[in-house]
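As given, the protein sequences belong to chains A and B, one line each in that order. Read in order, the letters of the first sequence are residues 11 to 123 in my numbering. Read in order, the letters of the second sequence are residues 2 to 103 in my numbering. Using N, Cα and C, we set each Cβ at its ideal position, and we do this for glycine too. Every value quoted in this text rests on a predicted model; they were computed, and no experiment measured them. Each remark here refers to the structure printed beneath this line.
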Amino acid sequence: MRSVFYLLDIAPYGSEKAYGVLNAAIVSLKMGVTLGLYGDGVYLALAGQDSRALGVPNLADLIYAYPELQVLAHEPSMLERGLLKEGLIENIELADEAEFLAAMEMSDSIIIL
Amino acid sequence: MTDMADIFLLTKPPGHHRAKLCFKLLKRSKDAVLYLCGDGVYCMFDGFDGLLPHERIYACKEDTDARGVQTEGAATVATVLVDFYEQLAKDMMIGSDKVYTF
């Protein structure tokens, strides 16, 4: 079974890319799938998202709904953005640089939207 | 190109975070080939600090021409190809282990 690593490096809600990548990852769950949050993508890891006023789906709810989805957040990206002291979605794992890159290398496919 | 090389296709300029990620992964690869097209050809100005020999870096001529990246001097940095996409497709189909696209 081929594995896939989806990389999100764009902040959520400002464009539809985070929603698209999350949905793609969810439909890929039968494969070995990892969603990697990198650069501005790490903002998706923040807890307490409430998108009702925007009229768009709550992306954190999608992550909570699929706890079997492995989500890795790039720790240096979080540090650069001052997010390490913030509340994060519980099922998200932090990965240091080496761990994050290794996870990318171990996947058969990498998809960056 | 040797069998089972990792192919890196870069379309972003050197300051872009995806270009930086590309180079991080490329450094970790045991056998890498770098293809530059689109804005990725601007990376030729930076040089590659011995990251790869120029024979393993290919640039798309139509993109270097469009952007005024001077190919005579660039001959020491990368191999500029008129048939860039044909070569890329061939390498992807025949002799690649992984393909990373940025």
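- Its chain contains Met2, Ala33, Val34, Leu35 as the residues whose beta carbon lies nearer than 8 Å to that of Arg57(B), once the 5 sequence neighbours on both sides are disregarded; these appear in chain order.
- Look at Asp7(B) here: in three-state DSSP terms it is strand.
- For Gln80(A), DSSP records a beta bridge to Thr44(A).
- Under DSSP, Cys61(B) forms a beta bridge with Leu82(B).
- Within 10 angstroms of the beta-carbon of Met5(B) lie fewer than 16 other beta-carbons, which makes it exposed.
- Straight-line spacing of the CA atoms in Pro67(A) and Ala90(B) works out to 38 Å.
- Residues of chain B with a Cβ closer than 7 Å to the Cβ of Ile120(A) are, in chain order, Tyr101.
- Distance from the CA atom of Leu37(B) to the CA atom of Asp66(B), rounded to whole angstroms, is 13 Å.
- Leu94(A) and His84(A) have their alpha carbons spaced roughly 11 Å apart.
- Its chain contains Met41, Gly42, Val43, Thr44, Met116, Ser117, Asp118, Ser119 as the residues whose beta carbon lies nearer than 8 Å to that of Ser13(A), once the 5 sequence neighbours on both sides are disregarded; these appear in chain order.
- Separation of Leu26(B) and Lys99(B) (C-alpha to C-alpha, rounded to the nearest whole angstrom) is 12 Å.
- Using a CB distance cut-off of 8 Å, Leu82(A) does not count as an interface residue toward chain B.
- If you look at Asp71(A), you'll find it in the alpha helix (DSSP H) that goes 69-75.
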